[in-house]
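Numbering-wise, the numbering used here comes out as the position in the sequence shown, counting from 1, plus 676. Data block below; observations after.
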Amino acid sequence: MSLEAAARNAPVGRRRGRIAKGDERPATGRSHARTVPSTGRGARPTAGPTHPLAAGVRGRELLMRCRGSGSNRRAAAALALVAIGLAAAAIAYASGGSRSDAPDTRPVPRRLADTGLYSDFASRTVDPSNLHYSPQYPLWSDGAGKQRWIHLPPGTAIDARDPEKWVFPVGTKFWKEFGWSRPVEMRYLERTRQGWIYASYAWADDGSDAVLAPAAGMTTSYEVAPGRRHAIPSVDDCLNCHRGGRAEILGFSALQLSPDRDPLAPHAEPASEGDPTLATLVRLGLVRGLPRRLLEHPPRIAASTPRGRAALGYLHANCSICHDSAGPLRSLGVSLRHSLRARRPSDEPAAAAIGHPSRFQLPGVPPGQSVWIGPGAPASSAVVGRMASRNPIVQMPPLGTKLIDEEAVALLRDWIEQDLRPPEPYHP
Ligand code: HEC
Ligand code: HEC
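Now the structure itself:
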């Protein structure tokens, strides 16, 4: 049985959940999340229930293994379907390679200083051969400020013949720094012959050094809010996002680097002078094979209002990493991923989410009337309801964030309420 078939066969009645109004605890004692077996993957950011995706799937819920590991971690990555009572069917990767009790065999340096980012670590001088860039639609990470760099080995180029899935040469490296009042974490990806290696480096509180975080993840000392400390995800969690859809690299793509940048994109860092755009990358020969039409008409989300464009861009960056017609969640029937082929608002795949019934039952909405996106009705739109929650088994995204993205929730609400209003009834 395929994964998709398993998702279809999961009883719909068991997929209903409820948001506890104004409360971060689960609404009822029906949560099965507490009984999801512990995976021994080390420190979890919060005690108590977690979304099944975040809780891991090793154990009796593991229904099937269906994808081999793309990296050189020894154990095959497993893709599994978890059905639980309160939230829904959930999908996750479980990888023996990142268990906290197994030796860490990732062939990456133990210190950030040795990864090649800096030409001089003492003065934190970044090697000029590493390109700084900023995607127009960033991932929300509890308000972290971010810096990103890419390194391509000399003489190599990115193959962009499939513009929705760029292929990066062996030796490519990405760094992504997370910082608030100080740098806290540096995420790292390196392309080897076997695939991408995932690692993260934890900065010391005084910024003196950054060392490899355990594959099981760790909680840092930095508080994103009183009592809520920033957690470095486990490698399993990296994979849940980075292998949830079509492409493993999420923020270095035609749409994300388009020179036609969206001025309303939430939390976007303005591109620094010298940051490459699509056109520069092609001119420098670093991106090859990109269809010409994308240079003549730089990628841009088609929407009927500027707010709609920003809302769809947000969903693309933050949600389509899992909610993609090419990913394991395609059986949910909704893709939130922008398509480079979309020229009109109705061509955007997310248009299909408008009015699409949700299996997730929102509080106060009559049974069966919750939809993904309800024109004029943010209260019955599951997309908003789940973004506006940090109850661990309700929140979306399920991983990597502890604080509600209030700015994005407001954007989505306004767009749904004011721009997507159903047509006025006709009174002759
Ligand atoms: C909640 C989902 C999520 C998790 C968990 C996650 N990432 Fe990412 N990551 C993203 C998204 C989305 C982007 C692109 C947007 C951006 O850069 O803000 C990204 C970008 C990156 C980049 C820059 C290259 C790229 O793909 O655009 C690196 C490096 C990276 N992540 C490493 C990691 C590592 C290592 C982990 C685990 C320790 C991890 N990520 C966990 C979603 C995630
Ligand atoms: C790391 C993967 C991942 C990311 C990222 C993610 N989701 Fe989900 N989402 C899931 C899974 C798994 C389910 C099914 C289980 C559940 O309902 O909890 C789901 C279910 C949903 C549902 C209920 C659909 C239905 O009909 O049952 C909505 C609505 C939703 N997500 C919205 C979002 C939004 C909005 C975002 C971005 C802000 C987002 N998701 C990001 C994994 C993800």
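C-beta: ideal position from N, C-alpha, C; glycine also. The model shown is predicted, which means the values in this text are computed figures rather than measured ones.
Notebook entry, point to check: Which of helix, strand or coil does DSSP assign to A763?
Noted result: In this predicted model, A763 has a pLDDT of only 26, less than 50, meaning its place in the structure is not dependable enough to derive any value.
Margin query: For ligand 2, is there any heavy atom lying closer than 8 angstroms to the beta carbon of W1048?
Written below: yes
Margin query: Is it buried or exposed, Q1094, if we count other Cβ atoms within 10 angstroms and call 16 or more buried?
Written below: exposed
Item checked: S1057 to V1047 span [Cα, whole Å] -> 5 angstroms
Next item on the list: Less than 8 angstroms between the CB atoms is what I'm expecting for C917 and I997, so what's the real figure, rounded?
Entry: 5 angstroms
Note to self: Considering only DSSP beta bridges, list what K852 is partnered with.
What the structure shows: R824, R863
Margin query: As an exercise, report each continuous alpha helix (DSSP H) stretch of at least 4 residues that is fully enclosed by the stretch 888-933, in chain order.
Written below: 911-918
Item checked: Helix, strand or coil at T1077 according to DSSP, with G and I counted as helix -> coil
Note to self: Using CA atoms only, rank isn't needed, just tell me which of P830, P1074, Y813, M1063 is closest to P946.
What the structure shows: Y813
Notebook entry, point to check: In this structure, does DSSP put A798 in helix, strand or coil?
Noted result: coil
Notebook entry, point to check: Leaving out five residues before and five after H943 in sequence, what residues of the same chain have Cβ atoms less than 6 angstroms from its Cβ?
Noted result: P814
Check: Near A979, what residues of its chain come up, given a Cβ to Cβ distance below 6 angstroms and the 5 sequence neighbours on each side ignored?
Finding: R985, L988, P1021
Checklist line | Minimum C-alpha distance to R1013 - residue among Q1071, D790, G927 | finding: G927
Check: What's the call for D912, buried or exposed, on a 16-neighbour Cβ count within 10 Å?
Finding: buried
Checklist line | Integer Cβ distance of S1007 from H999, believed to fall under 8 angstroms | finding: Going by Cβ atoms, the distance from S1007 to H999 rounds to 11 angstroms, so no, they are not a contact pair.
Check: Which of the three DSSP states, helix, strand or coil, is assigned to R734?
Finding: Its pLDDT being 28, under 50, R734 is placed unreliably in this model, and the value from its coordinates should be taken loosely. Note: R734 maps to coil in three-state DSSP.
Margin query: Nearer than 8 angstroms: is that true of the beta carbon of V846 relative to any heavy atom of ligand 2?
Written below: no
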